[in-house]
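Residue numbers (the working numbering): 46 to 140.
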């Protein structure tokens with residue numbers, strides 16, 4: 046007989062709060078403003094939060110966004126657009 050995972054049928058409060066909101070502001074009021082102040086682009090935040098389905102999907106969503114931005118940086122660098130490349134790499138590093 047397979048051993049049932051602990052808490053497998055329980056809903057987590059964090060996940061339930063995320064379902065009520067488009068971002069983390071429901072749990073951390075002001076976090077969007079803080080992230081923007083630290084240099085995150087609103088476009089990146091929307092891209093990440095649109096993919097998040099629960100607390101465990103945050104790292105995967107951030108990693109996907111970082112990979113996409115890094116690819117854009119590599120493409121810009123290969124076209125000798127060094128300023129744009131640096132901006133894309135900086136945004137990827139923030140993720």
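Ideal Cβ positions, reconstructed from N, Cα and C, are used throughout, including at glycine.
Pair within 8 Å by beta-carbon distance, residue i and residue j
i: residue 110; j: residue 92; result: yes
i: residue 75; j: residue 139; result: no
Residue i in three-state terms, based on DSSP
i: residue 93; result: helix
i: residue 15; result: One cannot answer for residue 15 here, as it falls past the ends of the chain, which runs 46 to 140.
i: residue 78; result: helix
i: residue 118; result: helix
i: residue 102; result: helix
i: residue 123; result: helix
Nonlocal neighbours in the same chain, by C-beta distance under 6 Å from residue i, ignoring five residues either side
i: residue 137; result: 111, 114, 115
i: residue 130; result: 118, 121, 122
Option in the options with minimal Cα separation from residue i
i: residue 132; options: 86, 79, 105, 75; result: 86
Residues near residue i by beta carbon distance below 8 Å, same chain, minus five either side
i: residue 134; result: 114, 115, 118
i: residue 80; result: 90
i: residue 108; result: 140
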